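Residue numbers for the sequence shown follow UniProt numbering, so the first one is 1 and each next one is one higher.
The structure under discussion appears below in the form of structure tokens.
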Amino acid sequence: MDKKRVYLDNSSTTAVLPEVVKEMTPYFSDIFGNASSFHHFGREAKKALDASRIKIAELINATPDEVFFTGCGTESDNIAIFGVLNAYCKKGHIITTKIEHHAVLYSFRHLEKQGYKVTYLEVDKDGVISAEDLKKAVAEDTLFVSVMHANNEVGALQPIAEIAAALNEINSKRKEKIYFHTDSVQTAGKLKIDVKKLGVDLLSMSGHKFGGPKGVGVLYVKRGTKIESVTFGGHHENGLRPGTENVAGIVGAAKALEIANSALDEHDKHIFFLREKLKKGILETIPEVIINGSGSRAVSNILNVSFNYIEGEALLLKLDMKGIAASSGSACATGEPSHVLAAMRADPVAAQGAVRFSFSYNNTEEEVDYVLSVLPEIVQSLRNMSPVWRSKKQ
Ligand SMILES: *Cc1c(COP(=O)(O)O)cnc(C)c1O
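Next up, the structure:
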């Protein structure tokens with residue numbers, strides 16, 4: 001690489017690990033069969049598909065028949081939400097939060113237009129919902145709850161196990177079960193995902209967020225969950241997600257999760273160290289910054305910072321010119337104000353200057369040093385162009 005490049009946008013996507021590429025490669029050429037085919041080529045592909053399903057099931061404490069492969073995290077979320085609601089054959093009340101990824105949030109908005117009653121739970125200043133609020137929101141006709149495991153913009157961790165326990169108790173007194181889904185896209189490969197301990201009925205993950213390839217999602221569906229497919233075709237994935245399986249991608253996703261899980265604590269320590277170093281460095285060298293979200297109730301890899309008096313987009317542009325990749329909260333919402341920071345009641349003007357740095361365990365201390373060597377000057381130069389900042393300084 002001719003130019004120094006530092007990638008701190010790992011919550012948008014991650015590089016595919018070299019060991020993963022190696023594991024996937026034969027499935028593009030030698031073992032290219034359709035996993036549904038009867039012959040040797042098909043059987044070889046099916047073997048790899050089954051082995052990947054078993055691997056992922058073991059890693060999340062599920063059984064292989066509870067693991068479904070999809071096309072991405074977004075699709076897993078959609079199948080979970082629409083699949084369960086379709087199986088109810090009636091409309092009712094559904095609950096989610098104000099800070100979901102658009103894959104969930106826009107699904108709920110769509111359902112709202114179709115006549116479902118929706119509760120969007122509030123969060124506190126750190127971006128965390130209260131299980132108490134959720135319990136209070138449950139009504140006679142509540143059918144479904146979806147709460148993300150960790151938020152993708154600020155990293156806030158939600159009390160999933162506590163919510164599951166509350167819903168379990170409510171369910172024990174009801175004829176019809178309220179199903180509980182969590183979007184675990186930002187936690188898979190970073191925290192140990194144990195579906196039994198979390199107590200959820202459905203859980204989504206995405207391969208490209210943990211060192212696997214793009215185009216592979218995983219959906220855990222607890223045995224006994226009433227769910228119907230939302231697309232129609234063949235019998236693939238037990239009919240829940242018809243379409244020829246992306247065998248190479250699935251092999252890669254399973255390998256990536258295995259590698260990530262082999263050293264979760266070690267990776268977490270490293271990522272936490274890098275994030276705290278960057279945070280400390282920013283706080284020491286740049287005045288008027290706000291850290292969005294609390295480190296104690298959040299995943300270790302995300303640092304969301306508002307730089308007052310500047311536009312986040314302008315800062316990202318300047319960083320990019322220095323070879324540093326970060327993002328404004330979510331890759332999909334560029335230009336729009338963040339619904340997550342708004343829900344956290346962040347000052348809307350300060351939120352304009354919010355930037356998300358997100359780490360992987362392959363980032364280094366040197367990279368953080370490099371960011372800290374250029375960031376204060378960039379922020380200063382942008383602030384010098386701001387009339388508000390200048391008038392304040394006079
Ligand atoms: C990235 C992301 C998704 C979407 O996953 P894709 O595989 O990109 O479709 C969903 N939820 C969260 C929290 C995410 O960060």
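Glycine is no exception: its CB is placed at the ideal position from the N, C-alpha and C atoms.
On a predicted model such as this, the values are computed, not experimentally measured, just so you know.
Not one heavy atom of ligand 1 falls within 6 Å of the beta-carbon of HIS339. DSSP, read as helix, strand or coil, puts ALA139 in coil.
In the three-state scheme derived from DSSP, where H, G and I count as helix and E and B as strand, LYS196 is classed as helix.
Proximity of the stretch 105–125 to the stretch 343–354 meets the contact definition, three or more beta-carbon pairs being nearer than 8 Å. Within the same chain, PRO242 come within 7 Å of PHE232 by CB-CB distance, once the 5 residues on both sides are set aside.
With a threshold of 6 Å, the Cβ atom of GLN186 counts as near ligand 1, since some heavy atom of the ligand is closer than that.
One Cα belongs to PRO348, the other to ILE324, and the distance between them is close to 25 Å.
At least 7 Å separates the beta-carbon of ALA166 from that of GLY199. Contact annotation, LEU303 with LEU283: C-beta distance approximately 11 Å; criterion of less than 8 Å not satisfied. Rounded to the nearest whole angstrom, the C-alpha separation of THR182 and ALA156 is 14 Å. With a cutoff of 6 Å, ALA260 does not count as near ligand 1, since its C-beta is closer than that to no heavy atom of the ligand. Distances taken from the Cβ of CYS89 to the heavy atoms of ligand 1 include none shorter than 6 Å. Listed in chain order, the alpha helix (DSSP H) elements of length 4 or more contained wholly in the stretch 211–292 are 247–261, 264–285. Excluding its 5 nearest sequence neighbours in each direction, THR97 has C-beta neighbours in its own chain below 6 Å: LEU121, ILE129, VAL147, listed in chain order. Here VAL21 is exposed: its Cβ has fewer than 16 other Cβ atoms, across all protein chains shown, within 10 Å. Here DSSP, grouped into helix, strand and coil, assigns ARG5 to coil.
Unbroken beta strand (DSSP E) runs of no fewer than 3 residues, entirely contained in the stretch 37–118, are found at 67–70, 93–97, following chain order. Put simply, of SER107, ASN363, VAL145, ASN308 the residue whose alpha carbon is nearest the alpha carbon of GLY353 is ASN308. When DSSP reads this structure, ARG356 sits in a beta bridge with ASN304, SER327. Secondary structure note for SER206: it is in no alpha helix (DSSP H), and the uninterrupted beta strand (DSSP E) holding it is 202–206. As DSSP reads the structure, HIS181 sits in a beta bridge with SER146, LEU202. By the Cβ neighbour-count rule, ALA15 is exposed, with fewer than 16 other Cβ atoms within 10 Å of its own. Using a Cβ distance threshold of 7 Å, ALA35 and ALA45 count as a contacting pair.
Around the CB of MET385, fewer than 16 other CB atoms lie within 10 Å, so the residue is classed as exposed. Taking C-beta separations shorter than 7 Å and ignoring five residues to either side along the sequence, the partners of SER184 in its chain run HIS149, ILE193, LEU203, SER204, MET205, following chain order.
By the criterion of a C-beta distance shorter than 7 Å, PHE210 is surrounded in its chain by THR14, ALA188, GLY189, ALA256, LEU257, ALA260, once the five residues flanking it on both sides are discounted. For the options SER358, LEU315, GLU367, GLU366, the alpha carbon positioned closest to that of ALA351 is the one of LEU315. In the DSSP assignment, MET385 falls outside any alpha helix (DSSP H), carrying neither H nor E.
With contacts defined by Cβ atoms closer than 7 Å, TYR220 and VAL195 form a contacting pair. Contact annotation: PRO213 and GLY249 have beta-carbon atoms nearer than 7 Å. Across the structure, HIS40 and PHE82 are spaced so that their CA atoms are roughly 36 Å apart. Rounded to whole angstroms, the gap between the alpha carbons of VAL230 and LYS90 is 16 Å. In the displayed model, TYR120 falls within a strand according to three-state DSSP. Remark: the C-beta of ASN78 is outside contact range of ligand 1, defined as less than 6 Å to any heavy atom. The beta carbon of VAL379 sits closer than 6 Å to the beta carbons of ILE286, PHE307 from its chain, once the five residues preceding and following it are set aside; these are given in chain order. Its Cα nearest to that of GLU176, the residue TYR88 stands out among TYR88, LYS222, VAL374, VAL154.
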